[in-house]
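So the sequence shown is numbered by the numbering used here: it starts at 367 and just counts up by one. These notes concern the structure reproduced below.
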Amino acid sequence: MGRIILTGDRPTGKLHLGHYVGSLRNRVLLQEEGNYDKFFVFIADVQALTDNADNPEKVRQNVIEVALDYLSAGLDPNKVTIFVQSQIPQLHEMTQFFSNLVTVQRLQRNPTVKAEMALRGFNADAEEENRRGLPVGFFTYPISQAADICAFKATTVPAGEDQEPMLEQCREIVRSFNGTYKCDVLVEPEILLPSNKVCRRLPGTDGQAKMSKSLGNCIYLSDDPAEMEKKVKGMFTDPGHLKVEDPGKVEGNCVFTYLDAFSEPEDFAKYLTDYSCLEELKDHYRRGGLGDMKCKKFLINVLNDRLEPIRARRHAYEQDIPEVYNILKKGSEVAAQVAAETLHQMKDAMKINYFDDAELIASQAAKYRK
Ligand code: ATP
Ligand code: MG
């Protein structure tokens, strides 16, 4: 079997620089390399509803935002199937079958789910004051995510490191399904992390461990230059670096983390000719004598350089929104066919294909015939 790539995002907001370096940039590179048999990218609206059940309008509005972000980042619907999760009903059937193979205790051990529950104030014990009860759908979303991956027999999932526990859970489900039903219908996927380590979990502009929509510390791909500039100027640096002459810390300093993620050696020749590379800039900052603002201005130039083509493509697609919906509709039709084929194979393996099984019908007939 060849390489099948699948990845997606929740439509709970516009996509930000964390999504870009964690997954989206890699997807565009993979698309351009062309070394795959099939490539699926999806908007996980069903998953978004697991913690936004009371706000479907938010999800509805953000489906188009995420689609625009995909297309503007360079995903090409002629090379990649872009679809919407809720339009593939087979995924929900698979989720149901998989949920019989996973224990509550196993789900409770998932560290990403634990962290996300804490962030959202969901607690298994709803009695506790000021806590929201934990929706069953949210608690079990790793199972639905396994269905998303398995339906397409994905071998490769480009994602940030917060997805590692999800992929592990998915591989366990694959082994359990194939083992229980003595088949090789499902395929174990591998995560594809960005090779640049800082991109696996880009921190927020406030210095928090992860840039995340839920934490409100994001620079969005669709931010205009003025907004982006304002966010960079207010970015967390080294709180001990008060005067320009002071020696500064590079580790944990967002400006340098972002330069690690985004700058290229050519940017120095273009925007900061006093230095030949990032290491020289870092050394100067460590020694003292280099102000935050100079580094921030350089970062603003670098980000504008990367974001300009994305903004231009977004502007073009924004002029033809019906076509964007059409791309999603066509992609969803293609994806539904693939998922239906896998579900069919799963049901065969589980022997819940009663009406297709002539042998079963004949043997039951023989058993009851008088
Ligand atoms: P939410 O707060 O709604 O969960 P999110 O910002 O965490 O949103 P997701 O839609 O959960 O975004 O993540 C989609 C993809 O982007 C995943 O592959 C995830 O690993 C990656 N990703 C998200 N945030 C970051 C980040 N800060 N650094 C690297 N990758 C990230
Ligand atoms: Mg998330």
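Positions of the beta carbon are idealized from the N, C-alpha and C atoms, including for glycine.
So, are the CB atoms of residue 620 and residue 631 less than 8 Å apart?
For the purposes of this step, residue 620 is identified with residue 254 of the sequence shown, where counting begins at 1. For the purposes of this step, residue 631 is identified with residue 265 of the sequence shown, where counting begins at 1. Cβ distance not < 8 Å, so residue 620 and residue 631 don't count as in contact.
Cutoff 7 Å; reference residue 628; Cβ partners in own chain excluding five residues on either side
Residue numbering aside, residue 628 sits at position 262 when the sequence shown is read from its first letter. Excluding residues within five positions, the ones whose Cβ falls inside 7 Å are 668, 669, 672.
In the structure shown, what three-state DSSP assignment does residue 667 receive?
Taking the sequence shown and counting its residues from 1, the one referred to as residue 667 is at position 301. DSSP places residue 667 in helix when its eight states are reduced to three.
Apart from the five residues on each side of it in sequence, which residues of its chain come closer than 7 Å, Cβ to Cβ, to residue 559?
Position 193 of the sequence shown, counting from 1, holds the residue named residue 559. Cβ neighbours of residue 559 beyond the five flanking positions: 527, 566.
Check whether the Cβ atoms of residue 693 and residue 448 lie closer than 8 Å to each other.
Stepping through the sequence shown from its first residue, residue 693 is reached at position 327. Stepping through the sequence shown from its first residue, residue 448 is reached at position 82. Between residue 693 and residue 448, the C-beta spacing is below 8 Å.
In its own chain, which residues sit with a C-beta less than 6 Å from the C-beta of residue 589, not counting the 5 before and 5 after it?
Numbered from 1 along the sequence shown, position 223 holds the residue referred to as residue 589. Excluding residues within five positions, none has a Cβ falling inside 6 Å.
Any heavy atom of the ligand ATP closer than 7 Å to the Cβ of residue 378?
Within the sequence shown, residue 378 is the residue found at index 12, counting from 1. Residue 378 Cβ: within cutoff of the ligand ATP.
Report the CB separation of residue 551 from residue 712 in whole angstroms; it is logged as a contact under 8 Å.
Along the sequence shown, read from residue 1 onward, the residue named residue 551 stands at position 185. Along the sequence shown, read from residue 1 onward, the residue named residue 712 stands at position 346. The C-beta distance from residue 551 to residue 712 rounds to 6 Å, short enough to fall under 8 Å.
Where residue 370 sits in the DSSP three-state scheme
Taking the sequence shown and counting its residues from 1, the one referred to as residue 370 is at position 4. Note: residue 370 maps to strand in three-state DSSP.
Taking 7 Å as the cut-off, is the C-beta of residue 553 nearer than that to any heavy atom in the ligand ATP?
Working through the sequence shown from its first residue, we reach residue 553 at position 187. Every heavy atom of the ligand ATP is 7 Å or more from the Cβ of residue 553, so no.
Measure the C-alpha to C-alpha separation of residue 657 and residue 485 and round it to an integer number of angstroms.
For this step, residue 657 is matched to residue 291 along the sequence shown. For this step, residue 485 is matched to residue 119 along the sequence shown. Computed Cα separation, rounded: 35 Å.
Is residue 582 near residue 602, with beta carbons less than 8 Å apart?
As a working note, residue 582 is residue 216 in the sequence shown. As a working note, residue 602 is residue 236 in the sequence shown. No, Cβ-Cβ distance for residue 582 and residue 602 is not below 8 Å.
Are the C-beta of residue 604 and some C-beta of chain D separated by less than 8 Å?
Absent from the structure: chain D. Only one protein chain is present.
Residue interval of the beta strand (DSSP E) (run including residue 524):
Counted from its first residue, the sequence shown places residue 524 at position 158. Taken as a continuous stretch (DSSP letters only), the beta strand (DSSP E) holding residue 524 covers 522 to 524.
Whole angstroms are fine: how far does the CA of residue 637 sit from the CA of residue 450?
Along the sequence shown, one-based indexing puts residue 450 at 84. Along the sequence shown, one-based indexing puts residue 637 at 271. Those two C-alpha atoms are separated by around 41 Å.
Complete beta strand (DSSP E) runs within the region 416 to 498 (minimum length 3 residues, chain order)
The region 416 to 498 contains these whole beta strand (DSSP E) runs: 447 to 450.
Does the distance from the C-beta atom of residue 564 to that of residue 626 stay below 8 Å?
As a working note, residue 564 is residue 198 in the sequence shown. As a working note, residue 626 is residue 260 in the sequence shown. Taking 8 Å as the Cβ cut-off, residue 564 and residue 626 qualify as a contacting pair.
To which residues of the same chain is residue 416 closer than 7 Å at the C-beta, ignoring the five residues directly before and after it?
Your numbering for residue 416 matches position 50 in the sequence shown. Within the same chain, Cβ atoms closer than 7 Å to the Cβ of residue 416 are found at 501, 503, 504, 507, the five residues on either side in sequence being excluded.
Mind checking whether the beta-carbon of residue 577 lies closer than 7 Å to any heavy atom of the ligand ATP?
To locate residue 577, count along the sequence shown from 1; it is residue 211. Indeed, a heavy atom of the ligand ATP lies less than 7 Å from the Cβ.
Got a sec? Which residues, its chain only, sit under 6 Å from residue 542 by beta carbon, not counting five neighbours each side?
To locate residue 542, count along the sequence shown from 1; it is residue 176. For residue 542, where only same-chain residues beyond five positions count, the Cβ hits under 6 Å are 467.
Can you tell me which of 702, 402, 617, 578 puts its alpha carbon nearest to the alpha carbon of residue 605?
As a working note, residue 605 is residue 239 in the sequence shown. Here the closest residue by C-alpha is 617.
Which residues DSSP lists as bridging residue 615, in chain order:
The count along the sequence shown starts at 1 and reaches residue 615 at position 249. As DSSP reads the structure, residue 615 sits in no beta bridge.
What are the boundary residues of the alpha helix (DSSP H) that residue 505 is part of?
Mapped onto the sequence shown, residue 505 falls at position 139. Here the alpha helix (DSSP H) through residue 505 covers 502 to 505.
Which residues in the same chain have their Cβ closer than 8 Å to the Cβ of residue 709, if we skip the five residues on either side of it in sequence?
Indexing the sequence shown from 1 puts residue 709 at position 343. 456, 459, 460, 517, listed in sequence order.
Distance check for residue 731 and residue 722, CA to CA, integer angstroms please.
The residue given as residue 722 occupies position 356 in the sequence shown. The residue given as residue 731 occupies position 365 in the sequence shown. Rounded to whole angstroms, residue 722 to residue 731 spans 15 Å at the Cα level.
Helix or strand or just coil, what does DSSP make of residue 552?
Looking up residue 552 in the sequence shown gives position 186. Here residue 552 sits in coil by DSSP.
Counted within 10 angstroms of its Cβ, other Cβ atoms place residue 555 as buried (16 or more) or exposed:
Position 189 of the sequence shown holds residue 555. Result: buried.
Which class does residue 636 belong to by DSSP, given the choice of helix, strand or coil?
To locate residue 636, count along the sequence shown from 1; it is residue 270. Here residue 636 sits in helix by DSSP.
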